[in-house]
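*Asks:* A single structure is presented below for examination.
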Amino acid sequence: MASTLSDQLEEVRCHAEACLYSTGSVLEVRAGISAMANIPLPPSVKYRYIAAETMIIENGVNNIRKETIGSLQRLSTALNILEKYGCNLTSSSRPKYWRAVKHNNPVFRATVDAIQGGRAVLCLYGYSNQQPDGLSFPDEVVEPDIEKVAAVTLEVMSLRMELDMLIKEAHPHPEFFERIIPSLNQKDDFGPISDAVAIPSSLRESQPLYMSLASLSQSPTSAFLPVRTANASTSTSISTRHTDNCTICAIFPVAAHCNSCVQWLCTECDRLYHSSAERANHHRTVVTSSKMRKNHSSLLSWHCTHCTRVNSNQDILCETCERPRLASSGSAKDEFPQPFTITEWQCKSCTVVNAGSSILCAVCERPRLATKPPATPTRPTPTPNRPAAPVLGMPGDPDSQWMCQFCTYINYTPASVCEMCDLPRPEPTKMRVKLHPPSQVKKVPVLSVKPKDPPMEDPDLTRQKLMKEEGLKLILLIRDGEKKGVSPEEVYTGMRVSGVGNILPCDWLKAELPHLLDQICATATSSRAADLKAGQNQNGTGTSEDTGVEEEQTRGGGVTLSRAEAKLAWLSAGGDTERAVKQALRDRHSKVKELCSLGFTDEVRCQEVLRQSEGEVRGALSLLQRPLMEPFHQRMWSDQPEPPIDINHPDKQRVCRRLLAVYDLPSWGRCELALSLLQERTAPYSLDDVVQAVRESHDRDFIRRVLAKECPICLSDFPHSKMQSLTSCQCSVCCGCFQQHFTIAVRDKHIRDMVCPVCWEPDINDPEHLNSYFSTLDIQLRECLEPEVYDLFHKKLTEQALIKDPKFLWCSHCSYGFIYDGDQLKVTCFQCRNSFCAQCKKPWESQHGGLSCERYQCWKRENDPEYQRQGLAGYLRDNGITCPNCRFQYALSKGGCMHFSCSQCRYQFCSGCNNPFHTTCAVIHCSVTGLHAHHPRDCLFYLRDWEPGRLQALLQNKGVEFNTDTPPGTQAGLCGVIEQKDESGQQTDSACGAQTQPGHAGLCEKHYREYLVSLINSHSIDPAPLFNANELVLACRRYQVDDARGELEDDVTYYTRILEKLIDEVPLGDKVPRKK
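Numbering (my numbering), first residue to last: -3 to 1072.
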């Protein structure tokens, strides 16, 4: 039999697991769980993964059945939460944060973390990595083990269903759990709350209850449902076993039973659950309450006193009339009285019935004896005046009294709630009916009936009444005193001292208290130590502290107290004058001892300052310290400068205190470190430098390195605060070298020479860094340069900015720059008052008026003897070098080194093609490092290596004329072209002086080539057609032109093709001077 049940369990488990992590319906999963729960096997055999039996023992074992059921209910709630964790992991659309479970989740703390074994189930799911705030999957786990999670989740669901059936006494085999939890065998007085019929044990053991796996697979919709056997009673008992509450919400009572999905549903859950199309055709049976449930429904339900509807015990308001649970309606209050027994008590706030052992309410957490929160009335309810004693039901009638069971207060019959604790009056016992006279109360005195003797007054009642009257009187007096600025302690003490006379305590305090305080002060002053000692020997109540007071009085004579001290002593003594005097003397003695412990040994002075401060120790301490602080105050507020700190002073603590006060060092240890550095003989540091270094660091070696930095220019040691550095580099120089370097650069050099004197950074040719560099440099130079040097720096900086303006002109006579807004060719310099042409920059002559610059140059070559005498040398001078950045012209030749640096703007460029020289190249795939430029193929940089005949052939092919004869009047044999030369580190302009060659028009070979190239450039002639094979291939590679050769391509076709491709893809230089 056991093997058959185990086989059935394995079949049901496998099918249910497949439905859980596959596309199975909810009905199939629920039916499988129900089938597993109903298999008659013990938990230790039925559950493979979770330790079900251990969890039940650790969480449910108790000696009282009711508490055991509550523990199992909490375990079921926790299993419900664990079930949701497992379903989230097996779902195809898992939550975003499925990898972690946080401990700070209130639901987790109240359910899973509140039971034993909850975290073990999470570890079975895969949450095995312990985190500071919870559990998580290990980092190497990408996806959870769906099959294992489904198996564990299925067991959690099955155990929860078994616990729910066990709690509701609907479990078919409770004997397995009664063996584990013996308290489940205890039966309540009212029996099980269910309409179920018990299943005989013979039927449980003999009848097969479940189908085989083959039959389950044939009908998925009816899978895992119980099979109806031949025994009708067995089928009936299983199908009719249900509980009073819905199996889904577990709150509302059952209204219908569905035979298809085996659910006991309330009205709302039935409507929502069967609204689905696949469950719309289920057959449900209406469930009505039986007589047994009606008789025992007081624990699970309550009757509305207004409409008599039976509501669930969890409901606060009636479902029909929405009245509160304890609302009264006529005689309904007497019909259904609320029980108040020893084993149960009802919360006065939320009306929930709690267990007798609990102190706080399980819902609102209010204490057991707490009163109901008062309701704020819309208008005040008038309290009727209590009639005289002879009237029935008043204090004069002993039959109208009743005692509260909780606070023993005596209440009266009209009141149904205790006036003290607000608890209801217990149910009165039945008494014999007392006959009252038929007449009305107002006619009682007229009857000729002998009046009864007045009853004996209860002493407890008298005591309570007196306490209440005195308390109300004291409250009124305290409120009146608060309005007049009198404390409650003064009111209470004044009321005790003044007695029960007609005078009010506040009035007595105002009139009599000052005299009483003066009397206490005088008594304390005139008392002697001997009198106090004799009085205490007579009373026998002296203490060691009083003996100290006497000795103090014997030595110091009288003590002068202030009114404030006397008042405090009088209040602490409760109005007793003698005790107040002793208390005041004891307080004064303790305060004097406290001041003496702080270093003030003059007791007479301490007594005086305590009197002046009205007994305040802090105020007395301030008065004692004021004379000591007087020298400091005079030094602080005097006009004399602070004396310098003497580091060699013998008192090191004094020096450290001054360092701490004057220089605001962060700690006492930093002050000692600064003092030790200053006292070193081998390191002559200044005080300010040491303090600055110590404020930044506490490392002694680091501070020494900071205080001894070497200047790379003068090689002297300076502290870090005396060094300056630029933002463009990490170099540091002393302030003197920094000032001297930039003073010389501003006065004698160009603005672009104002860089670091050590590494010569930054590269000012880069326009991106130019503005940011000079903006920070301006701030540094403003503090270190002299005013006139700083003004010159700003002047040069302004000129540097004006160069970029297209209207900016340089004077060809004095090199002065200015902005010219006119449209005339003739421009007069504001500095030297000489004129020049605004377009060609040549000195102005009268013949230039009315002529263009080209026609003027032609006229000058034809008519000016001096120009004709110079020949091609004058031509090269007139077509000299023009800076492409600032447009400043140089009457120099372009031969020699092609790298030219403008003296005005320090712009570095090629004199043949005007392309810039730079170190950071912007050309793609450029592998050249260092200072270089990229030249076009018609630049003088490449054509100066050609022979003059080859250049002449290029000009002849294009029909351009060129000179070969020496002009008349020129010096024979020597080249007269002006060029820039570097002599002794200085650049000078002088004639070339090289030997001329025949047929070179009176020029040396270098300058004649320059002349021919200038003609080629001015006529935009492409030199590529005259390239040989090596030059053509080299040019293609230089300008990144594809020079791949075809397999069957001959030399002529190949070179012709790549020549055309070079001419088409790579144009001539766009900055090369052309003929306009």
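Backbone N, C-alpha and C fix where the C-beta goes; we use that ideal spot for every residue, glycine too.
1) Can you tell me the Cα-Cα spacing of S672 and C755, whole angstroms?
2) Buried or exposed, going by whether 16 or more other CB atoms sit within 10 Å of the CB of G477?
3) Among M153, Y45, S87, whose alpha-carbon lies nearest the alpha-carbon of A1102?
4) If distances are taken between C-alpha atoms only, which option among L1064, A834, V108 comes closest to N911?
5) I'd like to know if the region 132 to 140 and the region 84 to 97 are in contact, where contact means that at least 3 CB-CB pairs between them fall below 8 Å.
6) Whole angstroms is fine: what's the gap from A616's alpha carbon to S609's?
7) Output yes or no for whether 7 Å exceeds the beta carbon distance between V956 and L1011.
8) Let me know if A1025 comes out buried or exposed under the rule of 16 or more other beta-carbons within 10 Å of its beta-carbon.
9) Apply the 10 Å Cβ neighbour rule to N34 and answer buried if 16 or more other Cβ atoms are within range, or exposed otherwise.
10) Rounded to whole angstroms, what is the Cα-Cα separation between V8 and L155?
11) Suppose contacts are defined by Cβ-Cβ distances below 7 Å. Is A1020 in contact with I1059 by that definition?
12) Assign N277 to buried or exposed, taking buried as 16 or more other Cβ atoms, counted over all protein chains shown, within 10 Å of its Cβ.
13) Buried or exposed: where does P1035 fall if 16 or more other Cβ atoms within 10 Å of its Cβ makes it buried?
14) Name the DSSP bridge partner or partners of M399?
15) Looking only at its chain, what residues have a beta carbon closer than 7 Å to the beta carbon of R575, apart from the 5 residues adjacent to it on each side?
16) Distance, Cα to Cα, I1154 vs R44?
17) To which residues of the same chain is V702 closer than 6 Å at the C-beta, ignoring the five residues directly before and after it?
18) Output the boundary residues of the alpha helix (DSSP H) element that contains V1090.
19) With a 10 Å radius around its C-beta and 16 neighbouring C-beta atoms as the bar for buried, classify V919 as buried or exposed.
20) Looking at V742: is its Cβ nearer than 7 Å to the Cβ of V785?
21) Since R1061 is in the alpha helix (DSSP H), which residue starts that stretch and which ends it?
22) For L155, which of helix, strand or coil comes out of DSSP?
23) Just the C-alpha distance for E24 and A116, rounded to the nearest angstrom, thanks.
24) Please specify which runs of the beta strand (DSSP E), each continuous and at least 3 residues long, are wholly inside the region 69 to 118, giving them in chain order.
25) Between the region 113 to 129 and the region 76 to 84, can you find at least three pairs of beta-carbon atoms closer than 8 Å?
26) Do you know how far the Cα of C836 is from the Cα of C849?
27) If you reduce the DSSP assignment to three classes, tell me which class K344 lands in.
28) Apply the 10 Å Cβ neighbour rule to S728 and answer buried if 16 or more other Cβ atoms are within range, or exposed otherwise.
29) Using the beta-carbon count (16 or more within 10 Å), is L722 buried or exposed?
30) Distance, Cα to Cα, P320 vs E340?
31) Just the C-alpha distance for Q4 and N100, rounded to the nearest angstrom, thanks.
32) Would you decide whether M452 is buried or exposed? Buried here means 16 or more other CB atoms lie within 10 Å of its CB.
33) At the level of alpha carbons, what is the spacing between L431 and T404?
34) Could you check what DSSP says for V41 in three-state terms: helix, strand or coil?
35) Tell me C906's beta-bridge partners as DSSP assigns them.
36) Here's the rule I'm using: 16 or more other beta-carbon atoms within 10 Å means buried, otherwise exposed. How should H645 be labelled?
*Replies:* Quick answer:
1) Residue 672 sits at position 676 when you count from the first residue of the sequence shown. Residue 755 sits at position 759 when you count from the first residue of the sequence shown. Take the alpha-carbon of S672 and the one of C755: they are about 37 Å apart.
2) Numbered from 1 along the sequence shown, position 481 holds the residue referred to as residue 477. Within 10 angstroms of the beta-carbon of G477 lie 16 or more other beta-carbons, which makes it buried.
3) Since the first and last residues shown for the chain are -3 and 1072, residue 1102 lies out of range.
4) The residue given as residue 911 occupies position 915 in the sequence shown. Taking only the C-alpha atoms, the option nearest N911 is L1064.
5) The way I'd put it, the region 132 to 140 does touch the region 84 to 97; three or more beta-carbon pairs between them come closer than 8 Å.
6) Position 620 of the sequence shown, counted from the start, is the residue given in the question as residue 616. Position 613 of the sequence shown, counted from the start, is the residue given in the question as residue 609. In this model, A616 and S609 are separated by some 6 Å (Cα to Cα).
7) Indexing the sequence shown from 1 puts residue 956 at position 960. Indexing the sequence shown from 1 puts residue 1011 at position 1015. The answer is yes: Cβ separation under 7 Å.
8) Counting from 1 along the sequence shown, the entry for residue 1025 is found at position 1029. Result: exposed.
9) Numbered from 1 along the sequence shown, position 38 holds the residue referred to as residue 34. Result: buried.
10) Within the sequence shown, residue 8 is the residue found at index 12, counting from 1. Within the sequence shown, residue 155 is the residue found at index 159, counting from 1. Rounded to whole angstroms, V8 to L155 spans 15 Å at the Cα level.
11) Translated into positions along the sequence shown, residue 1020 becomes position 1024. Translated into positions along the sequence shown, residue 1059 becomes position 1063. Yes; because the gap between Cβ atoms is below 7 Å, this pair is in contact.
12) Within the sequence shown, the letter at position 281 stands for residue 277. Exposed.
13) As a working mapping, residue 1035 is identified with position 1039 in the sequence shown. It should be pointed out that residue 1035 corresponds to Tyr in this sequence rather than to Pro. Its Cβ having fewer than 16 others within 10 Å, Y1035 is exposed.
14) Reading the sequence shown from its first residue, position 403 is the one you call residue 399. Beta-bridge partners assigned by DSSP to M399: I406.
15) If you number the sequence shown from 1, residue 575 lands on position 579. A569.
16) The structure shown does not extend to residue 1154, since the chain is modelled only from -3 to 1072, so the question has no answer here.
17) What you label residue 702 is simply residue 706 of the sequence shown in a count that begins at 1. The residues A689, H716, in chain order, have a CB closer than 6 Å to that of V702 in the same chain once the five nearest residues on each side in sequence are set aside.
18) Residue 1090 falls outside the range modelled here, since the chain spans only -3 to 1072, and no answer is possible.
19) By 1-based counting over the sequence shown, the position of residue 919 is 923. Sixteen is the threshold: since fewer than 16 other Cβ atoms of the shown chains lie within 10 Å of the Cβ of V919, the residue is exposed.
20) Mapped onto the sequence shown, residue 742 falls at position 746. Mapped onto the sequence shown, residue 785 falls at position 789. Result yes, Cβ atoms of V742 and V785 sit closer than 7 Å.
21) Taking the first residue of the sequence shown as position 1, residue 1061 is located at position 1065. The sequence as given places Glu at residue 1061; Arg does not occur at that position. According to the DSSP assignment, E1061 belongs to the alpha helix (DSSP H) that extends over 1047 to 1061.
22) Within the sequence shown, residue 155 is the residue found at index 159, counting from 1. In the displayed model, L155 falls within a helix according to three-state DSSP.
23) What you label residue 24 is simply residue 28 of the sequence shown in a count that begins at 1. What you label residue 116 is simply residue 120 of the sequence shown in a count that begins at 1. If you take the alpha carbons of E24 and A116, they lie about 28 Å apart.
24) List check, beta strand (DSSP E) in window: 96 to 98.
25) Yes, the region 76 to 84 is in contact with the region 113 to 129.
26) Stepping through the sequence shown from its first residue, residue 849 is reached at position 853. Stepping through the sequence shown from its first residue, residue 836 is reached at position 840. The C-alpha of C849 lies about 6 Å from the C-alpha of C836.
27) The sequence position of residue 344 within the sequence shown is 348, counting from 1. Coil at K344, not helix or strand.
28) Locating residue 728 in the sequence shown gives position 732, counting from the first residue. S728 comes out buried.
29) In the sequence shown, the residue the question calls residue 722 occupies position 726. Taking a 10 Å sphere around the C-beta of L722, we find 16 or more other C-beta atoms and assign the residue as buried.
30) Within the sequence shown, residue 320 is the residue found at index 324, counting from 1. Within the sequence shown, residue 340 is the residue found at index 344, counting from 1. Between the C-alpha atoms of P320 and E340 there is a straight-line separation of about 20 Å.
31) Within the sequence shown, residue 4 is the residue found at index 8, counting from 1. Within the sequence shown, residue 100 is the residue found at index 104, counting from 1. Rounded to whole angstroms, Q4 to N100 spans 42 Å at the Cα level.
32) Residue numbering aside, residue 452 sits at position 456 when the sequence shown is read from its first letter. When all chains shown are included, M452 counts as exposed.
33) Taking the sequence shown and counting its residues from 1, one reaches residue 431 at position 435. Taking the sequence shown and counting its residues from 1, one reaches residue 404 at position 408. Low per-residue confidence applies at L431: pLDDT is 46, beneath 50, and the placement is therefore not dependable, though the value from the model is reported in the following sentence. A straight-line Cα-Cα distance of about 29 Å links L431 and T404.
34) Within the sequence shown, residue 41 is the residue found at index 45, counting from 1. Helix at V41.
35) Along the sequence shown, one-based indexing puts residue 906 at 910. C906 is bridged to H895.
36) Residue 645 sits at position 649 when you count from the first residue of the sequence shown. Exposed is the call here.
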